[in-house]
Each structure stands twice: as structure tokens, then as C-alpha cells.
Amino acid sequence: EKANKTKDEL
Amino acid sequence: MNIFRLAGDVSHLVAIIILLLKIWRSKSCAGISGKSQVLFALVFSTRYLDLFTVFVSVYNVVMKVVFLALSYATVYLIYMRFRNSYDSENDTFRVEFLLVPVIGLSFLENYAFTPLEILWTFSIFLEAVAIMPQLFMITKTGEAESITTHYLFFLGLYRALYIANWVWRYHMEGFFDQIAVVSGVVQTIFYCDFFYLYVTRVLRGKGKMSLP
């Protein structure tokens, strides 16, 4: 679930 | 994107540039923990692998490339270019005491048991403790040059701004990344003691920050 969420933070 | 995260990223960039310029202009890395800089380069290397798998934005790509380049340049200056000024007697923190628990934890606590996810989690946990060798070195030498303290100040400011970013995103977008937030709070706490010394000693114009 969260793994697929795009990691948009540096 | 919000102002807190943008300010945080800029503060992070400023910190990295302050350190790099200090080493380059003074042609010396005395008082700098090479181990911390290697750990930061490792943080970026394991976190930014998604440069090759997903496109988030131009800003995201540019900043990741810049952080990678500047962190490797810093490590290069410390261990190659100005290695004879590297203070290895005082940079003695046992990084294996950081790496082993961080590796273990990233296998235990992650969002998915895939290489990219575990490496990302590893980088999040590692970033929380990567500054320890530098803080240890300062306690060992009993002092830090003022530019080094400015570096640490902007690094701490970047983390504090990221916490504000997460508060903002939680209320505006319902965004909550548990691993990043928990690790980020722990990381910021490590700077609190330094912030106190920074304000009470460096900003009072003492130049050097000498520990009690």
C-alpha cells in the first residue's frame, strides 16, 4: 500500500 | 510541495554547500568527520535509486543529482584531495554500531520486502544517525569551528522544517509516512543539544563553539 505510493520527498 | 519542505530542502542544500566550500577554500578538512560524510553519501545512494525507476518532477530529479554529486565531492575532498588534513585520530566513532542496527531494522520494519523498499528504509534510518560521528568528534575535540557549527545548524533546520512539512501535509493531504516521520523526529532530537550550544555559544559571537 504505502510502498506503491510515490515517494516525492528527498 | 509546501513552503516548509522547500525551505527544508534549501536549508539542506545550504548546509552541504557550506561544508564543501569550507573544505575547498581552507584546503583542509580538520574537525570534519569523514565518516559522517561517507554515511550521508550512502544515504543518498541508497535512497535515490528511484531516479532510474520513477519520475516525480524536474525539481526532484535535479535536487537528487545535486545532493549525490555534492556529497561524493565532499567525501572525495576529505579522503583524497585533502587527506593529509583529515583528523583520523578524532574521527573514531564505530560506524558498525550504526550500520548493524540500521540494516537489521530496515529488514524488520519496512513497507514492502523488496530491494528498493528495504534500501529506501535503510537510507531513512541511516540518515537519522549519520551525524553521530560528527557530533562525537566535536565532543572528543571539545570544540567546533564556527563554520562547522553553521553546517550543523542548517542540517538541523532542514530536519525541523521537514517535521513542519509533515504536520502541514497531514492536515492538508492526510499524508503520513510513519517510517519517515518516526525516524525524522529521532534525527531532529539529536540536534536539540547542539542547537542549545549553537545559540548560547556561537551566536553570542564566541566564534568557536567550545564544549563545557
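So the sequence lines, in the order shown, correspond to chains A and B. Mapping the first sequence onto the numbering used here, position 7 (from 1) lands on 7, and the numbers just tick up by one. Count along the second sequence starting at 1, add 1000, and that's the number in the numbering used here. The C-beta atom is built at its ideal place from N, Cα and C for all residues, glycine as well. Being a predicted model, the structure only gives us computed values, none of them experimental.
Residue(s) in a DSSP beta bridge with S1210/B | One-based indexing of the second sequence puts residue 1210/B at position 210. Per DSSP, the beta bridge partners of S1210/B are E1143/B.
Three or more C-beta pairs below 8 Å linking the stretch 1171-1189 of chain B and the stretch 1123-1134 of chain B = Output reads yes: the stretch 1123-1134 of chain B touches the stretch 1171-1189 of chain B.
Below-9 Å beta-carbon distance, V1054/B vs any chain A residue = The residue you call residue 1054/B lines up with position 54 of the second sequence. So, interface residue.
Leaving out the 5 sequence neighbours to the left and right, which residues in its chain are closer than 6 Å to N1110/B when beta-carbon positions are compared?
-> Within the second sequence, residue 1110/B is the residue found at index 110, counting from 1. Closer than 6 Å at Cβ, skipping near neighbours: E1117, I1118, T1121.
Excluding sequence positions up to five away, which residues of its chain have a Cβ less than 6 Å from the Cβ of R1169/B?
-> If you number the second sequence from 1, residue 1169/B lands on position 169. F1175.
Alpha carbon to alpha carbon, how far is R1204/B from D1193/B?
-> By one-based count along the second sequence, residue 1204/B stands at place 204. By one-based count along the second sequence, residue 1193/B stands at place 193. Using only the alpha carbons, I get a separation of about 16 Å.
Please classify L1161/B: does DSSP put it in a helix, a strand, or coil?
-> Counting from one through the second sequence, the residue named residue 1161/B turns up at place 161. If DSSP states are grouped into helix, strand and coil, L1161/B belongs with the helices.
Which residue's Cα is closest to the Cα of T1014/B: A1180/B, L1157/B, H1171/B?
-> The count along the second sequence starts at 1 and reaches residue 1014/B at position 14. Inspection of the sequence shows that residue 1014/B is occupied by Val rather than by Thr. Taking V1014/B as reference, the option from A1180/B, L1157/B, H1171/B with the minimal CA-CA separation is L1157/B.
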